[in-house]
Amino acid sequence: MADFLTTLKSQPLLTDGAMGSYLFELTGRLSETNHVYESFNVEQPDLIRRVHRDYLAAGAQCLKANTFGANRHQLRQFGLEKRVAALNTAGVRLAREVGTEPVFVLASIGPTDEPLTEPAAVAECYREQIESLLAAGPDALLLETFSSQRQLELLIELLGSFPKTPPIIAETTCRPEVTPLAFVQRMAELGAAVAGVNCCSPWDASAFVDAAHDAPLPLVVMPNAGGFQRIGNRFMTSVNPEFIGKFARSLMDRGVRLIGGCCEVHPPHIREMHNYLRSRHAGITAGAVLAQTSRPPVGDAEKKQNGPFSRKLKDNEFVVSVEVLPPRGTDEKLHGNKIEFIRQLAESGLADSVDVTDGSRGIPLMSPGDFILLVRERLGWTAASGDRLELIPHFTGRDLNVMGVQSRLVGYHAHRVHNVLFITGDPPKMSPTYPRSTAVFDLDSVELVRLTHACLNAGVDFGGAPLGKQADPRTHFTIGTGFEPEATDMRREMDRLRQKLDNGADYIMTQPAFRPEPLDALRPFRSQNPILVGVMLLTSFEHARRVAQVPGVVLPDAILQRLAAAPNLADQAKIGREIAAEQIRWVRSEGWAGLYLMSPAGTAGVLDVLRVGLAS
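Using the numbering used here, read the sequence shown as starting at 1285 and increasing by one per residue.
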């Protein structure tokens, strides 16, 4: 049987979400007389099993037993105080039988309505619950949602009087009097194995983590699903499942080891958390793959033949790439508009390449390879005539396993697609009516770069077998990848950049950089590889506000204020174009290798921005 603490030290773990609010969603009734949630362990065990199975299916690695309020004081108000042992034993058993190894069972112990501040009162309230939980054999004890630190400390001291207790996870709620680092230090002194915060907003949880960054214990964070705020003329919450997923990834990046959810965090939220956390573990399964070849990977001479972008890149000339999103559906008019834009871009002479996104934002778009073939067919770009612009597909590690990655790359090479931008990719983001889509993430961008350079560009497959019997079976991909200059965990981002460059990347494209300071970290690498600075075309103040909420992007207040000051959308769009042109001029004047222009809201204004920004 896997050990909880040993596993937690080796990898972050994802718990489930709320039990109480999810039971409310499923039953339509609050916990009340004749409908006490903890009594369901005996009276409606199939319902509790369903809750656990839903969270397991969403990707949870730890299940909280339905024992939060199963202490003598809380059950007494419903006349259930004589059923303490039965309800706690059944709660652990249900979680255990549903969540087979390596899923861990956390026995939940919650506070009383009124804090208990005397040792005798704490013992009278909790002793029977503790005895029954320990007999049931959970992997850890989760003391959660305690607003009284005095009660929590007395409870931990009581647990210390029992022999062979499992690891203790101590969680407080966010309150002004709580000093996060001091709280965790105190929990460590008392013998807790993990400490942190729960039942609070994500932003309060984030502040707790920042304040406890030097904590002596592994941190646990289980926030609520957030609150409402006025957006336009509506009250809405921006804390949807995708937000919680990105938030979970940011917690892991900051060192939190146990991550889950509290009130209103339900299976859709846990599924997004699972997907985003999994994206950080991409590449592990392929780490042992090693090329065995007598040929060196192809060099610059071969790559310069891939198109105008690759030629200029290798000749140290300023390069321009423009991002295009492929269409989502079958609308021929939309297809035609996008292809017409590419034709105009090619005729303008303002760009050297078009890079085509791969499931941008985690939604199902036409695959970049298919869109490239459609562009060539409609514009008459043949092998004989060549492409007026170098066509670069983004390639994510999200959708394909290792075998599928190799197959697609070999297919790309056969279809004259010889420049690929490797990114790890966003986890799937589907509407509620769309069938669930699983993120694969066998390979991250670091491994995609390495295997393409060291294997395919050296003439062997990922297992070391020759790609063909001809004299030179090597592919000759120009290899690009990305960088987040405003990443939450900049140390990790820099480590990955070094790995990508060491693994054979030919160029780097950054995420949008709305201010120059974050790019300073890249200056030592400018002589090693070409770096294209990302510029995003903002179309309105609201568009800028949405962009500012994207993790890894920082939009200065000065830009927001400049857009907000414009009286209407047309003026805001004009200012957005002016800002983008100013950024382009700055990129050129600072001597960066190139420009990567993004216009996710559409292609309007792109040509004008390039004409103004690139004008001498």
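The beta carbon of each residue, even a glycine, is placed where N, CA and C say it ideally should be.
For the candidate residues the options, whose alpha-carbon lies nearest to that of residue i?
i	options	result
PRO1757	SER1729, VAL1694, GLU1801	VAL1694
MET1793	LEU1535, LEU1297, THR1641, ASN1372	THR1641
SER1594	ASP1790, TRP1876, ARG1538	ASP1790
GLU1607	ILE1626, PHE1767, ILE1528	ILE1626
GLY1343	SER1431, ALA1857, CYS1739, ARG1562	ARG1562
PRO1395	ARG1380, THR1317, SER1432, ARG1367	SER1432
ARG1692	LEU1673, GLN1295, SER1651	SER1651
THR1373	PHE1324, HIS1737, TYR1880	PHE1324
HIS1697	THR1722, ARG1672, ARG1662, LEU1657	LEU1657
CYS1546	LYS1530, HIS1553, ASN1482	ASN1482
PRO1796	GLN1856, LYS1530, GLN1754, LEU1879	LEU1879
PRO1611	ARG1360, PRO1464, GLY1886	GLY1886
VAL1368	LEU1289, PHE1362, ALA1354	ALA1354
PRO1422	PHE1430, PRO1447, PHE1388	PHE1388
PRO1802	PRO1840, GLY1613, GLN1361, VAL1320	PRO1840
Rounding to the nearest angstrom, what Cα-Cα distance links residue i and residue j in this structure?
i	j	result
ARG1776	GLU1365	51 angstroms
VAL1837	LEU1816	16 angstroms
ARG1334	ALA1479	29 angstroms
ILE1528	MET1557	6 angstroms
ILE1414	VAL1689	51 angstroms
ALA1302	LEU1439	23 angstroms
GLY1444	ALA1832	48 angstroms
ASN1508	GLU1548	6 angstroms
ALA1570	GLY1889	Note that ALA1570 scores 44 on pLDDT, short of 50, meaning its location in the model is unreliable and no value can be drawn from it.
ASP1654	GLY1510	40 angstroms
PRO1399	GLN1435	6 angstroms
SER1294	GLY1748	31 angstroms
GLY1312	ARG1380	26 angstroms
LEU1618	ALA1723	28 angstroms
ALA1904	MET1778	Only positions 1285 to 1900 of the chain appear in the structure, and residue 1904 is not among them; the question remains open.
VAL1896	ILE1647	33 angstroms
TYR1718	ARG1645	15 angstroms
GLY1752	ASN1590	21 angstroms
ARG1720	VAL1523	20 angstroms
PRO1581	ASP1745	13 angstroms
LEU1898	LYS1348	58 angstroms
LEU1442	ALA1407	7 angstroms
VAL1573	GLU1768	Low local confidence applies: a pLDDT of 44 at VAL1573 is under 50, so the model's placement there is unreliable, and no value is given.
Looking at the secondary structure, which residues open and close the alpha helix (DSSP H) in which residue i lies?
i	result
ALA1479	No alpha helix (DSSP H) holds ALA1479; the beta strand (DSSP E) holding it covers 1478 to 1482.
ALA1424	Looking at the DSSP string, ALA1424 is not in any alpha helix (DSSP H); the run it does join, the beta strand (DSSP E), is 1424 to 1430.
TYR1321	Note, TYR1321: premise wrong, no alpha helix (DSSP H); not H, not E.
TYR1339	1329 to 1342
MET1303	Unbroken run through MET1303: none, as it is neither H nor E.
GLU1607	First-last for GLU1607: 1603 to 1608, but that is the beta strand (DSSP E), not the alpha helix (DSSP H).
VAL1368	1368 to 1382
LEU1409	Correcting the residue identity first, residue 1409 is Cys in this sequence and not Leu. 1403 to 1420 is the extent of the alpha helix (DSSP H) around CYS1409.
GLY1695	1686 to 1698
ARG1861	1853 to 1873
LYS1622	1616 to 1632
SER1729	1729 to 1738
ALA1828	1825 to 1832
GLU1777	1774 to 1786
HIS1553	1551 to 1563
HIS1357	1356 to 1360
Which partner residues does residue i have in the DSSP bridge list?
i	result
MET1650	Beta-bridge pairing links MET1650 to no other residue.
ILE1792	THR1765, ILE1815
GLU1674	SER1637
LYS1348	LEU1390
Along the beta strand (DSSP E) that carries residue i, what are the first and last residues, could you check?
i	result
ASP1639	1637 to 1640
PHE1706	1703 to 1707
MET1536	Looking at the DSSP string, MET1536 is not in any beta strand (DSSP E); the run it does join, the alpha helix (DSSP H), is 1525 to 1537.
THR1279	In this structure the chain extends from 1285 to 1900, so residue 1279 is not present and cannot be described.
THR1456	1452 to 1456
LEU1879	1878 to 1882
VAL1504	1503 to 1506
Would you mind stating whether residue i and residue j have Cβ atoms separated by less than 7 angstroms?
i	j	result
ARG1541	LEU1292	yes
SER1605	ASP1639	yes
LEU1853	SER1824	yes
GLU1674	ASN1703	yes
SER1392	THR1351	yes
ASN1685	VAL1733	no
LEU1271	PRO1814	Lying outside 1285 to 1900, the shown extent of the chain, residue 1271 is not represented and no answer is given.
VAL1893	LEU1781	no
ALA1420	ALA1454	no
ILE1332	LEU1298	no
ALA1370	VAL1320	no
Output yes if chain C places a C-beta closer than 7 angstroms to the C-beta of residue i; else output no.
i	result
THR1708	Any reference to chain C falls outside this structure, which holds one protein chain only.
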